[in-house]
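Input: a single structure, listed below in structure tokens.
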Amino acid sequence: MFANGGLIQLLAKKIYQWSRTGSDHRCTLSLFAAMGNSCSNNLGIPPAKGPNAVGCSDFMMDHTVEGTFFRLYYPCVASDNAEKPDWIPCKGYFYGLADFMKINRGLSEKIFNYLFGSFKIPAALNGSYKQNGKYPVVIFSHGLGAFRTLYSAICTELASQGFIVASVEHRDESASATYFYHQKPQEPEKDEASSPKPNPEPPENLVEEWMYYRSLKPGESEFPLRNKQVKQRADECIKALDTLIQINSGKKMENVLQTEFDWTTLENSMDLCRIAVMGHSFGGATVIEALCKDVNFKCGIALDAWMFPLDDEIYARVKQPIFFINSEKFQWAGNISRMRKLDSSSTSMQRKMITIKGTVHQSFPDFTFLTGNWIGKILKLKGELDPQVGIDLCNRASLAFLQRHLGKDLYRVNLICKQGLVQQVHRTCPNVIVCVEAFFLRIYFNLIKQRNVSNGFAFVLQV
746 MFANGGLIQL LAKKIYQWSR TGSDHRCTLS LFAAMGNSCS NNLGIPPAKG
796 PNAVGCSDFM MDHTVEGTFF RLYYPCVASD NAEKPDWIPC KGYFYGLADF
846 MKINRGLSEK IFNYLFGSFK IPAALNGSYK QNGKYPVVIF SHGLGAFRTL
896 YSAICTELAS QGFIVASVEH RDESASATYF YHQKPQEPEK DEASSPKPNP
946 EPPENLVEEW MYYRSLKPGE SEFPLRNKQV KQRADECIKA LDTLIQINSG
996 KKMENVLQTE FDWTTLENSM DLCRIAVMGH SFGGATVIEA LCKDVNFKCG
1046 IALDAWMFPL DDEIYARVKQ PIFFINSEKF QWAGNISRMR KLDSSSTSMQ
1096 RKMITIKGTV HQSFPDFTFL TGNWIGKILK LKGELDPQVG IDLCNRASLA
1146 FLQRHLGKDL YRVNLICKQG LVQQVHRTCP NVIVCVEAFF LRIYFNLIKQ
1196 RNVSNGFAFV LQV
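Our numbering puts the first residue of the sequence shown at 746, with every later residue one more than the last.
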């Protein structure tokens, strides 16, 4: 998410600098909130638009650093009084963001908690799984400095449309924060039974251990580190898929976190012939690496992919369809050239690319919905296009691609004409032309010239 820059790095650093010039940082925070979030009542992660209610639950298999850790989003039984999870799960993630941005933990934790601590993910925590045939599967990979909860607007929308989505939390030291467990030294057993711990809690013999973002060392070359990380990230996506395959088979799986969700209800719930991998920024590069390593992934979607970590020889080895969805402001000539290597390496498989005009690199993570327009644009969390329109275009384009390559009969795509979405999109974003052909939505973007691209290099490509 934060490749070649920082999502909230400017935000936190500026507030940190401002707060140090005054005697009371609380006044600074209040002033900042008033200026940047003047319409705070309208801030929040948008609810999913599909026909299914969405549930989510965390799964950790194997308590060690070699285990797998993801948040699962899935269609669930609707409930009016369902508990919604915090967007930032706990204080450790605030600390991770602070470390990633190289700013003071104590103050930045207060800043992040003040600005973002009250936001919830629009999904039912541990909601009951909705039995309705077999759902296709998407594995999602977060960007540099992110973690498993920061792309909930995308993941919940996919789940509402009938996908099971596993948002992986990477343990390659590219996440701003994550955690695992190690075992306590064994103590003599007590006769009396120990009282149960509240969920989600690990067994009493495990101790939580945090892993934070690893910065480059002075003089260290970046490519070897990122290349090693992208390979591990792909392995972690494959491991998450393998875990879902075992859950789907009915094998009893131990969730270290002991959540209230009944994982046995997912037996025979997934269509393992329809699996995709998706990711943003560093996660976009992870998509390419995962497609190369595992043919179980039938297609991939790379959101504003950062191609730098990939080996040159990988391009010819990827055989599955790939869809690049780019922002207007992030891409540059060298990065686009790497994407086009995938196109030139295959004459039979689809390699599609679109750019959504008026968007920035941070139009894909949830932060774009959680700051006011003024401060959001200054800190490049928002583009000129309304964030909800931007994410809706991204989601619909993704769903169209998934329908084409996974054969999913999608509610939102099939009802586009009935709901007048063609006219709605035309009014809100005149540079986007939408047309419907059979059951497949084609989106043609009137694309802008890429910045710093020689010869006015531009794209007019279709899904």
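Ideal Cβ positions, reconstructed from N, Cα and C, are used throughout, including at glycine.
7 Å Cβ cutoff, residue i in contact with chain C
i: residue 1076; result: The chain inventory of the structure shown lacks chain C, comprising one protein chain alone.
Proximity of residue i and residue j at Cβ, strictly below 7 Å
i: residue 1029; j: residue 1050; result: yes
i: residue 790; j: residue 1114; result: yes
i: residue 877; j: residue 802; result: no
i: residue 921; j: residue 958; result: yes
i: residue 990; j: residue 1039; result: no
i: residue 985; j: residue 813; result: yes
i: residue 806; j: residue 1100; result: no
i: residue 889; j: residue 1027; result: yes
i: residue 824; j: residue 866; result: no
i: residue 915; j: residue 981; result: yes
i: residue 1080; j: residue 1052; result: yes
i: residue 1123; j: residue 1096; result: no
Among the options, the one whose alpha carbon lies nearest that of residue i
i: residue 918; options: 908, 1071 and 960; result: 960
i: residue 855; options: 865, 789 and 843; result: 843
i: residue 887; options: 795, 815 and 1139; result: 815
i: residue 837; options: 925, 866, 867 and 884; result: 925
i: residue 1132; options: 1123, 1120, 883 and 1111; result: 1111
i: residue 903; options: 1082, 796 and 1054; result: 796
i: residue 1087; options: 1047, 1100, 953 and 851; result: 1047
i: residue 793; options: 818, 808, 1094 and 811; result: 818
i: residue 1103; options: 977, 1079 and 1138; result: 1138
i: residue 927; options: 950, 905 and 910; result: 950
i: residue 1147; options: 1045, 905, 1056 and 1094; result: 1045
i: residue 930; options: 1041, 1118, 1013 and 952; result: 952
i: residue 1005; options: 1118, 955 and 947; result: 947
i: residue 798; options: 873, 905 and 1007; result: 905
i: residue 869; options: 834, 848, 826 and 853; result: 826
i: residue 1094; options: 910, 1150 and 808; result: 1150
i: residue 1025; options: 1140, 954 and 994; result: 1140
i: residue 1032; options: 994, 909 and 1084; result: 1084
i: residue 832; options: 910, 901 and 1152; result: 901
i: residue 1011; options: 954, 1082, 853 and 910; result: 910
i: residue 808; options: 954, 1145 and 828; result: 954
i: residue 820; options: 852, 908 and 1144; result: 908
i: residue 787; options: 1143, 1117 and 1121; result: 1117
i: residue 1098; options: 1152, 828 and 1143; result: 1143
Cross-strand partners of residue i (DSSP beta bridge)
i: residue 923; result: 956
i: residue 951; result: 928
i: residue 1096; result: 1067
i: residue 817; result: 802 and 911
i: residue 835; result: According to DSSP, which records beta bridges pairwise, residue 835 is partnered with nothing at all.
i: residue 874; result: 821
i: residue 884; result: 911 and 1022
i: residue 1072; result: 1101
i: residue 1048; result: 1025 and 1070
i: residue 1015; result: 880
i: residue 869; result: 800
Distance between beta carbons of residue j and residue i, contact taken as under 8 Å
i: residue 718; j: residue 979; result: Missing from the structure shown is residue 718; the chain here goes from 746 to 1208 and no further.
i: residue 1023; j: residue 882; result: 11 Å between Cβ atoms; not a contact.
i: residue 974; j: residue 1054; result: 7 Å
i: residue 822; j: residue 879; result: Not a contact, Cβ separation roughly 17 Å.
i: residue 1076; j: residue 1042; result: Going by Cβ atoms, the distance from residue 1076 to residue 1042 rounds to 24 Å, so no, they are not a contact pair.
i: residue 892; j: residue 923; result: 6 Å
i: residue 1221; j: residue 810; result: The requested residue 1221 does not occur in the structure, where the chain is confined to residues 746 to 1208.
i: residue 857; j: residue 839; result: 4 Å
Any non-hydrogen atom of the ligand GTP within 6 Å of residue i CB
i: residue 960; result: With respect to the ligand GTP, the structure shown offers nothing to examine, as it has no ligands at all.
Flag this pair as touching only if the region 1067-1074 and the region 1009-1019 have three or more C-beta atom pairs under 8 Å; answer yes or no. no
Counting pairs of Cβ atoms below 8 Å between the region 1118-1132 and the region 1098-1110, do you hit three or more? yes
Using 8 Å as the threshold, is the region 967-976 in touch with the region 793-810, meaning 3 or more CB pairs across them? no
Cβ pair count under 8 Å reaching 3, the region 987-1002 against the region 845-863: no
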